[in-house]
Structure formats: structure tokens, C-alpha cells
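Positions in the sequence shown are counted from 1; adding 17 to them yields my numbering.
These notes are about the structure you will find just below.
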Amino acid sequence: MAAERRPPITVPPTSAPTDPSKAAAFIFVHGLGDEAEGVESIARQFQSAGKLPHMTWVLPNALANHDLATNAWYMPTRLSPYPPSRPELEDDEDEQGMRDTVAYLTTLIDDLVAQGIPAQRIVLGGFSQGHAMALLTGLVGKYAGELGGLVGLSGYLPLLDRITALRDEAGLPEHMDDRVEVFLARGTVDRLVPKCYHRLCYEKLLDMGTTQEGLTLKAYEGMGHVMGGAELRDLCVWLERVLPALD
18 MAAERRPPIT VPPTSAPTDP SKAAAFIFVH GLGDEAEGVE SIARQFQSAG KLPHMTWVLP
78 NALANHDLAT NAWYMPTRLS PYPPSRPELE DDEDEQGMRD TVAYLTTLID DLVAQGIPAQ
138 RIVLGGFSQG HAMALLTGLV GKYAGELGGL VGLSGYLPLL DRITALRDEA GLPEHMDDRV
198 EVFLARGTVD RLVPKCYHRL CYEKLLDMGT TQEGLTLKAY EGMGHVMGGA ELRDLCVWLE
258 RVLPALD
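Next up, the structure:
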């Protein structure tokens, strides 16, 4: 029997614009082993501080993975800081699981667009596995190049060698020609996602056409594989710039 997905948590704006075209939304994707409730407090903190009152938060839930005995967006592979001595023995990335997640996240964007929120007023982001899926969806999914921004916290860009083919399969040009803003951040002592994967992520984005002006890179001294206060404050400032109130 296929696992059933719990619906996303939606945190409505505290001051909703009367015109849906002036609304905004942030789809925030949790990491491996977490759930929507685990990141809901971030939305509540922003709202209690009076930040982004016009913005809807959409917090999706990953499916339960019986092999991992936890929630997962896809089957993870080990991220080593060193090149493998025997690449042929490395586990393949779970492309089908990632494709399924891209398709699901796309339906959440579809729902927001159907409500009248323009795609360019929607930001897609996440933490760890959520980072991976947000960026992959923003590069190869239906709304590639159309969103207001992408956010990646403490993660990496998966399927690096497949992105060009996946874009071609989706009818997208090899290189991006857009102005989608990107916010990437990590802790300097993150032991789960080595620094080299952060570098590969932003180098790939730049190689594909993301502009230097549109790419915000942050590193937080002494922070591990977590979301820190300084990081969230910087993210808030970035979101206020990318999704400003229009009313």
C-alpha cells in the first residue's frame, strides 16, 4: 500500500492584500527526518516580529520512507568531502524519488498560481534535503525561470550531471536567461554537507546563467547543520527585498 502524504501546513498572511496579484508566498521544504511542524515555528517567529505580514507560508510534508524509517523527499546518498577512489561503486542518486518530489512541489506552486498569486511572487526554498529539492525544482521543473526566488540552506544541488538533460526533457533551454534571485547559506562547521558541495552548487548556478548580482552567498562561522538566528535574519531581509509588500 502506497504511503499517504500529509497535507502541507499553510500559514496565512497576517495582513492579506485585497488583490491576489499583490500577494506573495514562500514554499519552505523541510529536511530529511523532519516534517512541516518542524519548520512551522520559523513562520510564526517571522509573523510575531511583524515580518512579511503579506506573505503566505506553505510547508509541505515528505512521505514516510519505510526503508529509512523516517520522512524523506528521496533516498539519500553519502556526501563525502573527497572524490571517490572507485566512482563505479558509489550509489546512484535517487533520480526517480527526486522527480516525484519535483512533481509534487510543482503542484503546490500550481495551487498558489490558481489562487491568483503570480509565479514571480513565489519563492521556493528549503533546508538540507529541502534545499536540494527546492533548487532542483527551480532548475528543471515547470516553473523554472519564472519564480521570484530560490532559497537553499545547508544543502547541495543533486543530479549535477543530469540537469542539462532534464531541462532539455522539460523543453527548457540549456542555459537560464532569467532574473530569479537565489539565496544560499551554510554553516562553516557543517559535517553533513561538506563545503565542496556548496561550492559546486553555486558554481553550477553561475555556469547556467544565474547572475552574480542575483546570487546571495552566506556562511556562518561556527554553525553546524542547523538553521541559525543570524541566518534567518539575513533570509528575512532577503525575502523582504525579493517579495516586498505592494499594497
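The C-beta atom is built at its ideal place from N, Cα and C for all residues, glycine as well.
Everything numeric in this text was worked out from a predicted model, so none of it was measured.
Here residue 176 is not near residue 42, since their CB atoms are 8 Å or more apart.
By the CB criterion at 8 Å, residue 143 and residue 87 fall outside the cutoff. The three-state secondary structure of residue 214, taken from DSSP, is helix. Taking C-beta atoms under 8 Å as the contact rule, residue 165 and residue 137 qualify, at a distance of about 5 Å. Between residue 232 and residue 217 the beta-carbon gap is near 14 Å, outside 8 Å, which marks them as no contact. By the neighbour-count criterion, in which a residue is buried when 16 or more other Cβ atoms sit within 10 angstroms of its Cβ, residue 79 is buried.
In the DSSP assignment, residue 115 falls outside any beta strand (DSSP E) and within the unbroken alpha helix (DSSP H) covering 112 to 131. Taken in chain order, the complete alpha helix (DSSP H) segments of 4 or more residues contained in the region 29 to 70 are 53 to 65. Inclusion of residue 241 and residue 204 in the CB contact set at 8 Å is warranted, their separation being smaller than that value. Rounded to whole angstroms, the Cβ separation of residue 201 and residue 239 is 18 Å, and the two are not in contact under 8 Å. CA-to-CA, the gap between residue 167 and residue 35 works out to about 26 Å. In this structure, the CA atom of residue 62 is about 15 Å from the CA atom of residue 27. Distance from residue 193 to residue 162 at the Cβ level is roughly 6 Å; contact confirmed, criterion being Cβ atoms closer than 8 Å. Cβ atoms of residue 146 and residue 81 stay farther apart than 8 Å, at about 14 Å. With a contact defined as Cβ atoms closer than 8 Å, residue 141 and residue 174 miss out at about 14 Å. The beta carbons of residue 154 and residue 183 sit no closer together than 8 Å. With fewer than 16 other CB atoms across the displayed protein chains lying within 10 angstroms of its CB, residue 261 is exposed.
Around the beta carbon of residue 83, fewer than 16 other beta carbons sit within 10 angstroms, so the residue counts as exposed. Judged by beta-carbon spacing, residue 91 lies beyond the 8 Å limit of residue 126, meaning their Cβ atoms are not closer than that value.
Per DSSP, reduced to three states, the secondary structure at residue 220 is helical.
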